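For reference, the structure is listed below as structure tokens.
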Amino acid sequence: MIEYPLLKMDEKYGTPDADADVFLTNFNIPAPAKVLVVGDNEENVANILTDNGYDVTGVDLRELPEGTFCNHKRIIGDFCDLELEMNSYDVIICLSALEHFGLSAYGDKKYLPNHDIAAMYYMWRLVKSGGSVFVTVPFGTGYMELRGDWRVYSTVAVKSRIIQKFNTSQYVCFTSGPCAINGEFRPARAYVSMEEATEYCGDPPHVTLFLAMNKPTEVKNVSQN
Numbered sequence: 728m729i730e731y732p733l734l735k736m737d738e739k740y741g742t743p744d745a746d747a748d749v750f751l752t753n754f755n756i757p758a759p760a761k762v763l764v765v766g767d768n769e770e771n772v773a774n775i776l777t778d779n780g781y782d783v784t785g786v787d788l789r790e791l792p793e794g795t796f797c798n799h800k801r802i803i804g805d806f807c808d809l810e811l812e813m814n815s816y817d818v819i820i821c822l823s824a825l826e827h828f829g830l831s832a833y834g835d836k837k838y839l840p841n842h843d844i845a846a847m848y849y850m851w852r853l854v855k856s857g858g859s860v861f862v863t864v865p866f867g868t869g870y871m872e873l874r875g876d877w878r879v880y881s882t883v884a885v886k887s888r889i890i891q892k893f894n895t896s897q898y899v900c901f902t903s904g905p906c907a908i909n910g911e912f913r914p915a916r917a918y919v920s921m922e923e924a925t926e927y928c929g930d931p932p933h934v935t936l937f938l939a940m941n942k943p944t945e946v947k948n949v950s951q952n
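Residue numbering for the sequence shown follows my numbering, beginning at 728 and increasing consecutively.
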């Protein structure tokens, strides 16, 4: 299990952004778990977990910039189009990524407005019964698409588009950057209540929701077909 703040955040990893920071603070799955990181590019979570004994595979649309440190397996492609082994992962992590799925944020030219829903269903099929899924997304008053490349999720949208059939074991709301909530200034990485978080109306820097979910143990493993 990771001890955090971990290994000192030195030149190897750099300082984690708010999403990675909250994830690492709340992550309690012991190694050597089999982990899939969906949206594995700018975060260092996959490298950190690998160095702490986890079996990590990263998935992203983009190649890493030349010279970027990488110590784990990576797959390049659209997550929803990959043919990965069902019921094979103990943990799936998707930080600062789901809100962009299907909205051409990273050079893919397709507009697929329900690609986030499809991605969450695919995670359901890939994770083992009893396994855990960790997600961060922008959160606010109502569901919306902004600038054509990212989404903000409401409480209703979180339940219908993200949680779906998962059980929710934990949620945390925090600020990704300094902002005002109910007229009160909040610094970056400040924790806020769910009620306060719903006051966010879409202009960045946004309020983020961290969700820890699990697939019920009584669910039968899905078939490859």
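Positions of the beta carbon are idealized from the N, C-alpha and C atoms, including for glycine.
Only a predicted model underlies this, so the values are computations on that prediction, with no experimental measurement involved.
Taking all protein chains in view, the Cβ of F796 is surrounded by fewer than 16 other Cβ atoms within 10 Å, so the residue is classified as exposed. Bridge pairing for C900: V919, L936 [DSSP].
Between the beta-carbon of V864 and that of E922 there is about 18 Å, and that puts the pair past the 8 Å contact cut.
If you check the CB distance, G869 and S887 do not come in under 8 Å.
Segment contact: the stretch 848 to 863 against the stretch 800 to 813, three or more CB-CB distances shorter than 8 Å; contact assigned. Going by DSSP, T944 is part of no beta strand (DSSP E) at all; its letter is neither H nor E.
Distances from the alpha-carbon of T935 to those of G904, N798, Y781 put G904 closest. Straight-line spacing of the CA atoms in N909 and F866 works out to 15 Å. Shown here for V879: same chain residues with a beta carbon closer than 6 Å to its own, the five before and five after excluded, namely P865, G867, M871, G929 in chain order. Residue pairing from DSSP leaves W851 without any beta-bridge partner. In this chain, V764 is not harboured by any alpha helix (DSSP H); it is covered by the beta strand (DSSP E) spanning 761 to 765.
Taking a C-beta distance under 8 Å as the contact criterion, I756 and V854 do not qualify as a contact pair. The three-state secondary structure of A846, taken from DSSP, is helix. S856 carries a strand assignment under DSSP once its states are collapsed to helix, strand and coil. Annotated as distal: Y740 and A758, with beta-carbon spacing of 8 Å or more.
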